[in-house]
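Here is the structure we will look at.
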């Protein structure tokens, strides 16, 4: 008879099972086992916020496995993650088991551990507790809030603003931040200013540089030298003076180490230093937390990675201090352990900061057990945690003032030198390498004394322009949300991903740019639901959820207060007409869609009829720009603003000349089409019969910078596909090209999409072989077909394994693994159930699908997919039943076949 432990992931279950041995059965819930069905009515405010929960097949299967294991057991330990979501998963598992009658005679315990180590797991088993009811109620409130906002506000969007997706409670506020920053950038007007610097020699001939700070006896402010004429006068005044050292200031400053990582700071620093996105960072951190195989033992390397706490367990602090003393010497440890407290708004600090589980596992020791991305992230976590317990750095800062004989012209030179490196010996925030830190912190001035002469060798005036506020990166947006108290550590990554998935924003050069769809949605919400996209209101709601989890508020009371006002705000928009919405948005976004040109004139004047006024219009497929003289004038254009963004800046006038083809002499141009940027050779021509001949074109691969695209790279794109080389084992030729779904490599009938960091124009044979090896694992060659000799292969596709021969495919029976099927079985299956693959790009139901070349090369993971049968045509005279479109409102999972009603 064994006790049962339930965790969230299979990886964690495997690790913990090794720790606990044969007396325990460890099973995974695979995350949430049930959720609110994605349909209207799953949360019922009229019934005091009763909720319907439903589970899909996967959730039912996992709970059934747990129920089977629990049968005859004495104890069930719910060991899901130590946060609000983890508590909710444990509650759902318990509720479903109770409904199945599987908990009779079984003691249910809740256990948590901040790190997956044998010591931590065993300690948790020895100190179980009950489920945390306030934490579960906080989850219920959050889930109900998100559901009600999504399923109440999204239909309003769909009705009043066709083409919009949906509106989430926290995502909409994050979107507003991005849109408002873009509006600031558009409204920004650069201001010119100048600075003057002089290069000097000391009395002993040592060079140094000083900047002009005072002119005519008055301190210079940033815009005092506003043009070249003023700068030249200031430069002449410097050149005319004879300077001496008027004063020297020296002081020693201390720099303290940063706190160990929270979820937010880890995402920020990982983005800055490693170039990892928030989702990628959290995925890698999850792997390090759940454990990696080290010398035959699965070991969790870092503590729980969803936290806003910066404190560490005392035993961890003392272990780090001991390591610092041994590794760097006693001078590098402070007199007492450093204790940190969070400055973030609404920080719960329920868990430790992110730290290594064992400081003695240095990055160098574990590097060979990790992949490169895991190694870099672990090194970042390890160094930050260790540095947090090291001594402060000490810097000597020096400022030297120079003055002419009159004292009316003054310059200042500054420098600093690291007197004691302290924690900088190991880690420096925002700097990737020790050389960068040394350059910034060690600007040494030569020795000087007061009244020493300083000989001017040269003076120069430099022009500058003020810069607009930067667009948000993933790191800076997470930081801003944390400062405002919006969202929680576990939600940051999913919020940013949701905004991109809904095409509300795009990420260009690691910076967020709002799409026009996102700006429309934000303008609509700000105009008609301003309170619910207000950062202060959203942060206050987060505080109320924290009050619920702390037992200081009753969750249904919070919901009633919110729903009363929110429902009234939604009701107030019932009589709102689409024309009123369009007029409001047209006025709000006019400066964005119709920017004033440098030539002047009315930016809204219709270029087609000359008398009409351009404005925002709505059609069935969304918003567009149209003429007020419609239907007399049918001039329209899409919302995208000409000249907006980096790519458009490279295409002023729509076409950018890159050069001429050295072979044909035809021009090579960069252009924008309906499917993105492409390069083109020459112009369209006609043949002898007058038929148009399309010029040769090639799409730019994702990540290619149009601003830096050279003629050589454009010619290389037009020359694709390119031969990469020959496979060292099979002797087959490997080529690289760009298809419908991006760049890929190909060998025979095997295709593999390139990763984001791979360059289709320069990928080498070793990398191509490695990629194809991964794709080859999804293809099994059986041999030649007995009739025509063409190869018969078994492939793994989206809908399971299938057989393919030439243009025919047939799905394998569910009970027949792809490893077991023989050539004869595959031939018989293709003959009996084979279906012909249509050409790529052919529409369902089309009688004559357009031919298309090289179809298989352009599949997502370059796998052919079995084709579904077209839906049967309904008999005349019967109307199709209309169904509500509800699935896009929130991220809730789709409902199961038979939802279970539970009054929470």
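Residue numbers (this note's numbering): -7 to 896.
We put the CB at the ideal spot given by N, CA and C, even for glycine.
Comparing C-alpha distances from residue 280 to each of 371, 251, 134 shows the shortest one belongs to 371. Put simply, the backbone Cα of residue 708 is about 30 Å away from that of residue 266. With contacts defined as CB atoms closer than 9 Å, residue 184 and residue 216 fail to qualify as a contacting pair.
Shown here for residue 470: same chain residues with a beta carbon closer than 7 Å to its own, the five before and five after excluded, namely 256, 259, 260, 270, 484 in chain order. The continuous stretches of alpha helix (DSSP H) do not include residue 415, and DSSP gives it neither H nor E. Every unbroken stretch of the alpha helix (DSSP H) spanning 4 or more residues and falling wholly within the stretch 539 to 625 is given here in chain order: 547 to 563, 570 to 585. Residue pairing of residue -4 in beta bridges, as defined by DSSP: 17, 68.
Around the Cβ of residue 808, a 10 Å sphere holds fewer than 16 other Cβ atoms; the residue is exposed.
Here residue 128 is buried. Its C-beta has 16 or more other C-beta atoms within 10 Å. Counting of Cβ neighbours within 10 angstroms places residue 685 among the exposed residues, the total staying below 16. Look at residue 393 here: in three-state DSSP terms it is strand. Going by beta carbons, residue 0 and residue 73 fall inside the 9 Å limit. For residue 409, the number of other beta carbons within 10 angstroms of its own is below 16, and it is reported as exposed. Under a 10 Å Cβ-count criterion, residue 814 is classified as exposed, with fewer than 16 other Cβ atoms of the shown protein chains found around its own Cβ. Minimum Cα-Cα distance from residue 51 among the listed residues 69, 63, 20, 41 corresponds to 20.
Your pair residue 825 and residue 799 does not check out as a contact, with CB atoms roughly 15 Å apart and the cut at 8 Å. Distance from the Cα of residue 502 is smallest, within the candidate group 785, 45, 693, 264, for 264. With distances taken between CA atoms, residue 778 lies nearest to 818 out of 293, 104, 804, 818. Taken in chain order, the whole beta strand (DSSP E) runs of length 3 or more contained in the stretch 199 to 272 are 199 to 207, 235 to 247.
In the displayed model, residue 298 falls within coil according to three-state DSSP, outside both helix and strand. When DSSP states are grouped into helix, strand and coil, residue 170 belongs to the helix group. DSSP places residue 508 in the helix class (H, G or I) of the three-state scheme.
Of the other Cβ atoms in all chains shown, fewer than 16 fall within 10 Å of the Cβ of residue 456; this residue is therefore exposed. The residues 616, in chain order, have a CB closer than 7 Å to that of residue 630 in the same chain once the five nearest residues on each side in sequence are set aside. Taking a cut-off of 8 Å on C-beta distances, the stretch 52 to 59 does not touch the stretch 132 to 149, as fewer than three cross pairs fall below it. For residue 599 and residue 130, the gap between their C-alpha atoms comes out near 56 Å. In chain order, -1, 18, 19, 20 place their CB closer than 7 Å to the CB of residue 5, counting only its own chain and leaving out the 5 sequence neighbours on each side. Listed as beta-bridge partners of residue 126 by DSSP are no residues whatsoever. Between residue 785 and residue 772, the CB-CB gap stays under 9 Å.
The distance from the Cβ of residue 188 to that of residue 226 is about 5 Å, consistent with a contact at the 8 Å cut-off. For residue 560, the closest of 520, 791, 547, 542 by C-alpha to C-alpha distance is 520. Each of 549, 232, 102, 63 was checked against the Cα of residue 80, and the nearest Cα belongs to 102. For residue 696, there is no enclosing alpha helix (DSSP H), as DSSP gives it neither H nor E.
Residue 180 sits in coil when the DSSP states are folded into three classes, being neither helix nor strand. Close CB contacts of residue 530 within its chain, under the 6 Å cut and outside five residues either way in sequence, are with 165, 478 (chain order). Taking C-alpha positions only, residue 720 is separated from residue 812 by approximately 28 Å.
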